[in-house]
Structures are given as C-alpha cells and as structure tokens.
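Numbering-wise (the numbering used here), the sequence shown opens with residue 60 and increments by one. Every residue, glycine too, gets a C-beta built ideally from N, C-alpha and C. A short worksheet on the structure shown next.
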Amino acid sequence: MFEKLSIFAAFLAILMPFTQSKAEQLNLQEVAPGVFVHQGIHAMPNRQNHGEIANIGFIVGEQCVAVIDTGGSPAQGRALDAAITEKTKVPVCYVINTHVHPDHLYGNSAFKRAGVSFIGHRKLAQAMAVRAPYYLEKAGRDLGLGLKQEDFIAPDRTVDSTLELDLGGRKLTLTAHGPAHTDNDLTVFDDKTRTLWLSDLLFIGHLPVIDGSLTGWLRELSKLTKIDAKLAIPGHGPVSSEWPKAAEAETRYLEMLRSEIRAYIKQGKTMEQAMAEVGQSARGDWQLFDDFHKRNIATSFAELEWED
Ligand SMILES: [Zn+2]
C-alpha cells in the first residue's frame with residue numbers, strides 16, 4: 060500500500076514541474092473571482108518575446124468562458140487555452156478581440172473550433188483585412204512567426220454600439236468605441252465584479268500608442284472614467300483597483316500632446332519641429348517613450364492640422 064502510494068507520489072513529483080511550469084509560463088492571476096489576467100511585459104515585439112507582450116485573459120461564467128484577447132502568437136493562444144482548461148471545466152464560448160493589434164489577436168487560431176464565437180468591433184474585420192498582408196510579412200521578419208492569412212480570424216459577431224453576453228450567472232457588456240487607440244476598440248464590463256477591461260484604451264507604465272485618434276481617445280476616456288468600476292484592466296501594465304485614477308497619467312499625456320501640438324500648428328511650425336520638441340518632459344514618466352512618442356506626435360499632428 061505504502062509502496063503504491065510512494066510510487067504515485069513519485070509519479071506526481073515528476074509531473075508537477077511540467078504542470079506548474081505551464082501555468083508559470085503564462086503567469087496567470089485571478090484578479091477578481093473568475094477574472095483571470097496574464098500581464099504582459101513592457102517591451103517592443105521582437106524575436107525573443109515573439110510579440111507576446113499584451114495583457115490577455117478570460118472570464119469564467121457558470122456555463123462558459125469568454126476569452127479576452129488571445130495573445131501575440133499562436134503558441135501563446137494555445138498556452139492560454141491550456142491554462143483555461145486547468146482553471147475550469149466549462150468550455151470557451153466566446154473570444155473577444157479588443158482591437159486589431161497583433162499582440163492581442165495572433166493567438167486566435169488556438170480557439171477556432173465548434174462552439175466558439177469570435178466577437179469584435181464592427182470595424183475590426185475590415186481593419187484585419189487591410190492590415191493582414193503587412194502584418195504577415197512583419198510577423199515573419201520581426202517576430203519569427205510563420206503566420207498565415209487563416210490565423211486572422213475575423214469576428215462572426217460584431218458590436219455596433221453595445222452587446223450583452225451571458226456566460227451563465229454572469230453578464231458581460233461589450234462597448235464599441237469611436238476612433239481612439241485604434242478605430243476598432245472594444246471594452247468589456249463584468250457586472251458581477253465591476254471589472255472594466257479596457258485593453259489598449261488604458262496604458263499604465265507603457266507609453267500610450269495612438270493608432271486611431273488623439274481627440275477621439277480623450278473623448279472616449281471622458282466617458283469611460285464615469286463608469287463606476289472597481290477594477291480596471293489595461294492592455295499594457297498592472298491591473299488597477301483605482302478607477303478612474305488609473306487613467307490620470309494617460310489622460311495627462313494625451314492632453315499635453317493635444318495642447319502643445321495645437322499651439323505648434325497655430326504658430327505655423329512644422330511636424331518635424333513638433334516631433335523634435337513636443338512633450339520631451341514626459342520622457343521620464345513612461346517606458347518605451349522613445350519607441351512611440353515621435354510616432355504619436357506625427358499621427359496627432361496630421362489629425363489636428365485638419366481641425367476647425
Ligand atoms: Zn493596441
């Protein structure tokens with residue numbers, strides 16, 4: 060009997076490191092009951108991290124699971140799928156893609172199976188189609204990922220303004236936003252824990268990246284910060300229990316860009332001058348500042364130039 064037990068224990072001891080390492084690899088945290096988040100690292104996507112840099116995760120209901128973003132590579136999507144199976148017996152029924160950026164949706168193919176519905180902003184499918192050729196080439200060159208067109212799984216259900224999903228005893232409200240971080244941003248609100256999953260509408264620590272509209276983003280933030288949320292989950296950075304305070308640094312950065320660039324345009328200065336000078340004092344406040352700040356100025360300058 061003891062012998063059998065010790066053989067069993069030895070067998071478990073052999074297995075344990077494997078099961079644990081898988082969970083550790085994904086570094087999953089249950090930030091509220093049934094709300095699991097893997098926090099990405101602040102880094103540029105590269106061959107070492109394979110673009111696995113974004114916050115991704117899932118919410119568990121009584122009947123099924125909603126995945127919120129699938130990760131930066133098919134392998135990360137599979138690791139997320141495996142982690143879900145370790146945490147719950149209920150199946151995945153929804154994959155919510157918060158926006159078109161690769162670090163959030165290259166894991167999609169891991170979830171393509173019967174019973175899983177892919178959900179995105181009404182503009183997501185088009186953004187995917189337009190960017191796919193460029194993204195595919197970039198994935199091979201910069202990330203060492205051999206992706207195919209089929210890895211971009213377009214939503215089979217789209218969100219026009221809001222959409223409610225029932226996971227069984229748990230209601231999620233999805234909101235489609237106007238142009239902000241991108242032109243296809245979705246946020247998710249979990250009623251049960253008052254968790255607001257903002258994805259890349261909220262950056263903490265990592266410099267906000269503007270790929271949609273600076274003024275639009277500030278407009279969406281003014282609405283989002285009115286939501287009575289207990290927990291805010293950014294697309295990059297740590298989960299915060301202080302909402303709307305968690306959006307203050309980002310709002311300050313975006314407002315600074317808007318006012319300084321407007322002043323440059325008014326004075327007849329060029330985009331190049333703006334790119335060299337605007338917002339340099341914010342450098343110490345953010346990680347990846349030098350990777351994205353100039354690009355943010357260029358995008359915003361082009362947008363604000365055409366303001367009335
Ligand atoms: Zn993004």
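- If you draw a straight line from the Cα of D219 to the Cα of A322, it comes to about 35 Å.
- Selection L266, T284 and D244 evaluated against S272 yields D244 as nearest (Cα-Cα).
- In this structure the stretch 198–212 touches the stretch 104–114; the number of beta carbon pairs closer than 8 Å is three or more.
- Taking a contact to require three or more Cβ pairs closer than 8 Å, the stretch 147–158 and the stretch 250–267 qualify as touching.
- In terms of side-chain proximity, the C-beta atom of A306 is found no nearer than 8 Å to any non-hydrogen atom of ligand 1.
- According to DSSP, W256 shares a beta bridge with V247 and I292.
- Per DSSP, I143 lies in no beta strand (DSSP E) segment; the continuous alpha helix (DSSP H) that holds it begins and ends at P133 to K146.
- When the Cα atoms are used, G327 and L313 turn out to be separated by approximately 21 Å.
- With respect to the 9 Å criterion, V149 and T252 are not classified as neighbours on the basis of their beta carbons.
- Taken from the Cβ of G116, every heavy atom of ligand 1 lies 8 Å or farther away.
- Going down the chain, each residue whose beta-carbon is closer than 5 Å to a heavy atom of ligand 1 shows up: H160 and D259.
- Buried is the label assigned to V151, since at least 16 other Cβ atoms lie within 10 Å of its Cβ.
- Judged by their CB atoms, P293 and F262 are nearer to each other than the 9 Å cut-off.
- The C-alpha of L277 lies about 17 Å from the C-alpha of A357.
- A direct Cα-to-Cα measurement between K285 and G110 gives close to 33 Å.
- When beta bridges are read from the DSSP output, D225 appears opposite K230.
- It is roughly 18 Å from the alpha-carbon of R354 to the alpha-carbon of Y193.
- The alpha-carbon of A113 is positioned some 12 Å away from that of G136.
- Looking at the DSSP output, G130 sits in a beta bridge with L164.
- In this structure, A184 lies near A213, with their beta-carbon atoms less than 9 Å apart.
- If you check the CB distance, R216 and G120 do not come in under 9 Å.
- Here the alpha carbons of A235 and D128 stand approximately 15 Å from one another.
- Ranked by how close their Cα comes to the Cα of P92, the residues T147, A173 and N86 have T147 in first place.
- Secondary structure of G343 (DSSP, three-state): helix.
- The criterion of a C-beta distance shorter than 9 Å is not satisfied by A125 and L85.
- Restricting attention to L347, Q122, Q346 and H352, the CA atom closest to the CA of A335 is found in H352.
- Look at A169 here: in three-state DSSP terms it is helix.
- Boundaries of the beta strand (DSSP E) harbouring R216: R216 to V218, taken from the DSSP string.
- Taking all protein chains in view, the Cβ of W365 is surrounded by fewer than 16 other Cβ atoms within 10 Å, so the residue is classified as exposed.
- In the three-state reduction of the DSSP assignment, V298 falls in the coil class, being assigned neither a helical nor a strand state.
- Beta-bridge partners assigned by DSSP to A125: I118 and Y153.
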